[in-house]
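Take a look at the structure below.
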Amino acid sequence: MTALEISSPRARRRLAWLAGAAVVVGAIAAASALLPSRNPVLEADDAPAVATHANQPQPVRAYGEPKTVPAPRKELSTLLDAFIPAVIARKDLAGGWNLVTADARGSRADWMRGTTPFQSFQARPERYHGWTVNYSYPGDVGFDIFLAPKNPADVSMAFRGEAKKERGAWRIAVFYPQATFQPAGEKAYVWADTDLQPQAVGGSGTTGRLSAAWLLFPVGIFAAALVGGVGFALARGVRLRARVKRIERELALSRRP
């Protein structure tokens, strides 16, 4: 019997069982690669159906950026001249109540106790006209402004704000610190609002779920190792059995008279 022959029924059964296991592993790897990955976000086929009539035309909605208009600098400068001392410096909360939009106030009782949505800061008394425009739409303006402290030993602050026209008057809707700057003579350090945000892992905002195709790599390595190991064991067993048979034949011949 040659080294490639398998005469033992037990060896043939083992070879068949191991070959079947390798086929099953390969089938699992192929199925994992072909399965589509599902996002937690509803796909087009998963979205709830909306009842429509075949003969009724559906309205077409166009979404676009509002028209840009020149910022009303005089009105907003006058607003900031009143808002910053009254609300930010907490000098006249009662008068500052009407300088903000209704949805930015909270309760009046909390407001009068100094509990407001706006950061307290003792800004240096001056005219607050040096703000820069971020965007300007009809009735809605975003801006940035730098405020120096009343006490030179305190930090300076850069604020980002939004003003909206409400009932014919401009009011502050948003006003929050964007960065702080150490005073002169102190160690240079700038704090920005991004320091409080989670650090980005990558450049995109997609979810981190891996596709099932990535499972093919480790499963394929495992299947290849399994098949290689089985083949090596079978070849070694066949060679060993052939050697034993050869020795048995030699012994039998040596015993003949």
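Heads up: the sequence shown begins at 8 in my numbering, then just goes up one per residue. Even glycine gets a Cβ: it sits at the ideal position worked out from N, Cα and C.
Item, Value
"DSSP three-state assignment for Gly175, whether helix, strand or coil", "coil"
"Terminal residues of the alpha helix (DSSP H) in which Asp117 lies", "115-119"
"Test item: CB-CB of Phe125 and Val94 under 8 angstroms", "yes"
"For Phe153 and Ala170, believed in contact at Cβ under 8 angstroms, the rounded distance", "That pair is no contact at about 17 angstroms."
"Span separating the alpha-carbon of Val140 from that of Leu86", "15 angstroms"
"Nearest-angstrom Cα separation, counted from Ser143 out to Ala111", "20 angstroms"
"Alpha-carbon spacing of Leu247 relative to Arg253, whole angstroms", "10 angstroms"
"Beta-carbon gap between Phe90 and Leu106 smaller than 8 angstroms", "yes"
"Alpha carbon of Asp99 to alpha carbon of Pro92, nearest angstrom", "7 angstroms"
"Alpha-carbon to alpha-carbon, Arg97 and Gly146", "26 angstroms"
"Beta carbon of Ala157 nearer than 8 angstroms to that of Ala130", "Checking the sequence, you will find Lys at residue 157 rather than Ala. Yes, the pair counts as a contact, with Cβ atoms nearer than the cut-off."
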